[in-house]
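Order-wise, the sequence lines are chains A and B. At the far end of the first sequence sits residue 317, using our numbering, and the numbering has no gaps. At the far end of the second sequence sits residue 606, using our numbering, and the numbering has no gaps. Data block below; observations after.
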Amino acid sequence: MSVPQWLRHRPWTAFWVRRAARLALSLGIVLTASFAMIRLVPGDPVRAALGVDAAPALVAARRHQLGLDQPFPTQFRHYLDGLLQGDLGTSLVTGAPVAELVRTRFPATLEIALLAFLLTLAVALPGGLLAAVHTRDGRRPHAELAFTALTAGLAGVPDFVAASGLTALLAVALPLLPVAGTAGAGSFVLPVIALALAPTAVLVRIVRVEALKVLSEDYMRTARSKRLPPARLYLRHAAPNMATASLTVAGSLLPAMIAGTVLVEKVFAWPGIGSAMAQSVVAQDYPVVQATVLITGSTVLLAGLLVDMLLALLDPRSAIREM
Amino acid sequence: MAWVAATMLASLILLAVAGPLVWGTAADRPDLSAVLQGPSAAHPFGTDNLGRDLLARVLAGTRSSLLLALAATLLGATAGVLLGSSTAVVGPRARRGLAALINLLLAFPALLVALFLAVVFGAGADGALLALAVASVPGFARLAQTLAAGVAGTDHLAAARVLGLRRNRLLRRHVLPNIAEPLVLSTTTAAGTALVALSGLSFLGLGVQPPAFDWGQLLNQGLDRIYAQPLPALAPALAILYAALTFQLLGEVLAKGAARRGRPARPAGRPAARSGPADDELVLQVEDLTVELPTPDGVIRPVRGVDLSLRAGEIVGLVGESGSGKSLTALAVADLLPEHARVSRRTLHLLGADLAAMTPKDRHRHLATALAMVFQSPASALNPSLRVGTQLTEAVRAHRGARRAEAVEQATATLHRVALPPAVLRSRPHQLSGGQRQRVMIASGLMVRPALIIADEPTTALDVTVQRQITELLADIRRDTCAAVLFISHDIALVAGLCERVLVMYAGTVVESLPADRLATATRHPYTRALVESVPDLTGDRSRPLRTVPGASPDPLAPAPGCPFEPRCAHRQHRCAAEVPPLTGLDAGHRVACWHPLPPSAVPS
Ligand code: SF4
């Protein structure tokens, strides 16, 4: 995207204008995709949902109810109008308003996604720094190998496989934690760990590499030449300089984590958007699929915006340079 | 690790080929008398709702799970690479458009895109395959786009070129690993991701449809009864995990292999020589200091047998070309060399205390308060994210137990000493000019009231007027505080103007040590003489670039047996190539390492 003349000398305004333009474009893609989905499905989704032997009159009535008998532009306008009024249509299966379902289920998804993200940061940031400190300059090659092997292994564990395995081990074989549902704080443990496991392993490796880079900087040599205590050396001198790069990577892991809720919620029967999507996809309940795709997609985009804002606050100059 | 990955891959391929042949019939044989059984001898993982053996089904499911994943990856990779590399051949407008589109698409997680597309394409293996292939296109496109833009412009390649690496070495060390690593890694990990995502789609009921089956579907069925029997869910989960780990590990091994050639090996340890008696008058006394560094091509010795001593209040110059070992000598004294460097010395005394004999903790404390370092590039030597005040005060607070207010007061005074206003305390380094930053560096060193200041090329990154201010500042400080200053520089004219005594280093050894006032007229070593002659007017204009001595310094990997300067020396004779000339005293305060010292009278015209 090229920069108009008047924005050249206002880097901050330019930054936000571009960021907003990108968000608008991506939201447009999500809107269009969610709208187009029900129209793109092969065959007649209404008939598929109602069953092959449904009366043609019923099918026609339902098509009319969904507005599928009108021209596409009209349909799209109605879709957007409905969205603005908080109307996401009604479920083909239960007949309940989809907006209500989203309202009740969205917080549950947000909770585990957010907790998983925080857990990832809380483990990976100090973990990566610690690993770097202990393995820099080729120290402890065995520890480095063990670290690499372990994180490589954990990074390869798919979230829903981790979820199944954790359930089998910690909920069934050793009945320590609930198998499914949202009964109390214990029920959060497994879904959150399942979601955070692989991202943590990925992030901790990258944080270590970032930390190694920072540790070899001139100013770290200066700090070492002052013989500062290790805590000060690493927390005060090294940590702030790796924050930006580490958070950038962490932010890039967030979309996949949000998408991961779909499968993980299914494993734990977690009453969130993800399991609603999983159910509606199989039941071919298209209004619900449409709404959940829209909500999940927008959540991903807004999370990306939040991360970018945070990074811009942390490191204004590089944020502007990035754009 | 490599053989583990290879074994795992081989076992997967074997299972994919042989699985359906061996276990195919067992996997599809219903047994209504044994429906939904738990693990038993006949059915180690139990049976499903039609009484089919789950172990057989997991093993036989390998082929469909793997084949679908590979097909999706190859399809996605081909399309993505085509799309991405096409950005290189289209016009700039289209390129920007394509890049922006790829960026927008990358904002969405592949799994979500695949899920969406799988719904649109309809549930089933073909739909899932296609959905996944399309979902992986943006990732591959971005990669191809980056590679197409060329590794040639990257920073470290430019740096490597500056270092003068040869072309095929450049290609082998820097270009190939950087292209191969991302490409190989991406394709391998993408295959793993595809397998996981396909299993995920089947797990949701969007992928492979009965009667066909794959691991995801088996997991879905197993999960329904996980509370009663964990194994039927665990078995396919383990299969997915095994395959995912195989690809992960494979990518890892392949990437490591490409990157390995750049990494130095660890050297064997070398015991330090015994130290001699201390000389109490000396601030610093170094004898026979040697530094060894392992490189990918072998161990080099960039510092070999250096002797060096400074008295209180003395300012000594250490001169040499880059690579002569002068900076490493300083870092070795300061105990700041990288971990893999090996240091040996006969004597290393700072303020009369034997550093080698101290416990690491004592050495740490002693160096902290007796020695200050000023580094070359003040732009990178100050921490960009900390305020100047913090960086000035932290050392005294840590080592002298100064309280905050005290430390700030002292910092203000020290800033005044280096002619900076107190307001600088609240600035961050990027708000200061290069000269101001170097003053901050010097102030930061002065805070601990050191007995020795080592300034390593402190003015090289600065412009000429600022250079003079900084050297004058150092000279003043030396006079006022009686600290000894070791001034390291490649600029012999600068050193001649500032220092009392000069050590000239060449290829890791001191070749001449003399009073600074003799530099212009009485140098005896051919190298020093050539250095001096390369400066048009030793006491005059320092802004001109230093003309270098003709010839190149010797290859550190293959040190010659004789005088290191011999290949470039205009005065060499037979003995020079055979024996290393020792550093011998000519008269008081003048030592030279040369078999045939030049006559002192030779004044450069
Ligand atoms: S020893 Fe020989 S080769 Fe070396 S500097 Fe002296 S004259 Fe030249």
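Just so you know, even glycine gets a beta-carbon here, dropped at the ideal spot from N, CA and C.
Between residue i and ligand 1, is the CB less than 8 Å from at least one heavy atom?
i: residue 527 of chain B; result: yes
i: residue 230 of chain A; result: no
i: residue 305 of chain B; result: no
i: residue 576 of chain B; result: yes
i: residue 566 of chain B; result: yes
i: residue 562 of chain B; result: no
i: residue 601 of chain B; result: no
i: residue 597 of chain B; result: yes
i: residue 582 of chain B; result: yes
i: residue 347 of chain B; result: no
i: residue 483 of chain B; result: no
i: residue 127 of chain A; result: no
i: residue 512 of chain B; result: yes
i: residue 573 of chain B; result: yes
i: residue 500 of chain B; result: no
Can you give the beta carbon distance from residue i to residue j, rounded, assuming they're within the 8 Å contact cut?
i: residue 24 of chain A; j: residue 113 of chain A; result: At roughly 27 Å, the Cβ-Cβ gap does not stay under 8 Å, so residue 24 of chain A and residue 113 of chain A are not in contact.
i: residue 445 of chain B; j: residue 392 of chain B; result: 6 Å
i: residue 238 of chain B; j: residue 220 of chain B; result: 6 Å
i: residue 77 of chain A; j: residue 280 of chain A; result: Between residue 280 of chain A and residue 77 of chain A the Cβ distance is about 16 Å, and since that is not below 8 Å, they are no contact.
i: residue 254 of chain B; j: residue 6 of chain B; result: 5 Å
i: residue 215 of chain B; j: residue 65 of chain B; result: 5 Å
i: residue 201 of chain B; j: residue 217 of chain B; result: 6 Å
Using a Cβ-Cβ cut-off of 9 Å, state whether residue i counts as contacting chain A.
i: residue 432 of chain B; result: no
i: residue 542 of chain B; result: Here the model assigns residue 542 of chain B a pLDDT of 49, short of 50, so the residue's position is not dependable and the matter cannot be decided.
i: residue 241 of chain B; result: yes
i: residue 249 of chain B; result: yes
i: residue 339 of chain B; result: yes
i: residue 270 of chain B; result: Because the pLDDT at residue 270 of chain B is just 34, under 50, the model does not fix this residue reliably, and the point stays unresolved.
i: residue 177 of chain B; result: Confidence is the limiting factor: at residue 177 of chain B the pLDDT is only 47, short of 50, which leaves the residue's position unreliable, though a coordinate-based value still follows. It does not: the Cβ of residue 177 of chain B has no partner Cβ on chain A nearer than 9 Å.
i: residue 395 of chain B; result: yes
i: residue 10 of chain B; result: no
i: residue 1 of chain B; result: Chain B is shown from 2 up to 606; residue 1 of chain B falls before or after that span and cannot be answered.
i: residue 413 of chain B; result: no
i: residue 391 of chain B; result: yes
i: residue 436 of chain B; result: no
i: residue 193 of chain B; result: yes
i: residue 214 of chain B; result: no
i: residue 110 of chain B; result: yes
i: residue 159 of chain B; result: Only weak support exists for where residue 159 of chain B lies, its pLDDT of 46 falling under 50; the value from the coordinates is given anyway. For residue 159 of chain B, the answer is no, since every Cβ of chain A falls outside 9 Å of its Cβ.
i: residue 1 of chain B; result: Nothing can be reported for residue 1 of chain B: it is not among the residues displayed for chain B, which extend from 2 to 606.
Is there a Cβ of chain B sitting closer than 9 Å to that of residue i, yes or no?
i: residue 40 of chain A; result: no
i: residue 29 of chain A; result: no
i: residue 217 of chain A; result: yes
i: residue 34 of chain A; result: yes
i: residue 151 of chain A; result: yes
i: residue 23 of chain A; result: yes
i: residue 222 of chain A; result: yes
i: residue 154 of chain A; result: yes
i: residue 181 of chain A; result: no
i: residue 253 of chain A; result: yes
i: residue 260 of chain A; result: yes
i: residue 103 of chain A; result: no
i: residue 276 of chain A; result: yes
i: residue 162 of chain A; result: yes
i: residue 140 of chain A; result: no
i: residue 147 of chain A; result: yes
Among all the DSSP beta bridges, which residues are the ones paired with residue i?
i: residue 63 of chain A; result: Note: residue 63 of chain A sits in no beta bridge, so no partner.
i: residue 513 of chain B; result: B/505 and B/593
i: residue 442 of chain B; result: DSSP output for residue 442 of chain B lists no bridge partner at all.
i: residue 301 of chain B; result: B/294
i: residue 609 of chain B; result: Outside the shown range of chain B (2 to 606) lies residue 609 of chain B, about which nothing can therefore be said.
i: residue 350 of chain B; result: B/286 and B/355
i: residue 223 of chain B; result: Residue 223 of chain B pairs with nothing; no bridge assigned.
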